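*Asks:* Right, I'll just put the structure down here and ask away after.
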Amino acid sequence: MARKRRKGTPQKHWRFDQKQVENMEKAYYSIAEVAKMFDVEETQLRYWEKHTSLNPQRASGSGARLYDKDDLETVGQIKYLLQEKGLALSAVQAKLDAEGVHAELEIRGKLFEIRDKVEQLREMVQKQLGSN
Numbered sequence: 003m004a005r006k007r008r009k010g011t012p013q014k015h016w017r018f019d020q021k022q023v024e025n026m027e028k029a030y031y032s033i034a035e036v037a038k039m040f041d042v043e044e045t046q047l048r049y050w051e052k053h054t055s056l057n058p059q060r061a062s063g064s065g066a067r068l069y070d071k072d073d074l075e076t077v078g079q080i081k082y083l084l085q086e087k088g089l090a091l092s093a094v095q096a097k098l099d100a101e102g103v104h105a106e107l108e109i110r111g112k113l114f115e116i117r118d119k120v121e122q123l124r125e126m127v128q129k130q131l132g133s134n
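Numbering-wise (the numbering used here), the sequence shown opens with residue 3 and increments by one.
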């Protein structure tokens, strides 16, 4: 259950863009810090872990959850899809899975582009070396 805001209090900006995430000071955040950051309860984060791909690391020994930057992005996506888009949690997981596949395809496409560029550069170098 989300914490109640006072009337007239603006909602915290919880959806991080890539630059904000990269510039965060710490490598890992506790569940309490993440709950505060996103204005959700710790129990809600645990529930999301059970029913989505959110899977923070565990500290050795204590077993405390350690959320990294990727986890923060996932929490932001889950909250956005649940609260802003009104999706059910099962639909949220399907969307997260689809975005993961889409991102992988994008990366593969970029790799092929880079490979083609490298091959073109290699041919140019061979021509230059052959003409000298």
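In this text, a Cβ means the ideal position worked out from N, Cα and C, and glycines have one as well.
Computed from a predicted structure; not experimentally measured.
#1: Any contact of the segment 79-93 with the segment 114-126, i.e. 3+ C-beta pairs under 8 angstroms?
#2: Name the DSSP beta bridge partners of Arg60, please?
#3: Whose C-beta lies closer than 6 angstroms to the C-beta of Tyr31 among residues of the same chain, with five residues either side of it excluded?
#4: With DSSP collapsed to three states, give me the class of Tyr31.
#5: Going by the beta-carbon positions, is the gap between Thr45 and Gln95 smaller than 7 angstroms?
*Replies:* Answer, in terms of the structure:
#1: Short answer: they don't touch.
#2: Here Arg60 is bridged, per DSSP, to Arg67.
#3: The answer, listed in chain order, is Tyr69.
#4: Per DSSP, reduced to three states, the secondary structure at Tyr31 is strand.
#5: Cβ distance not < 7 angstroms, so Thr45 and Gln95 don't count as in contact.
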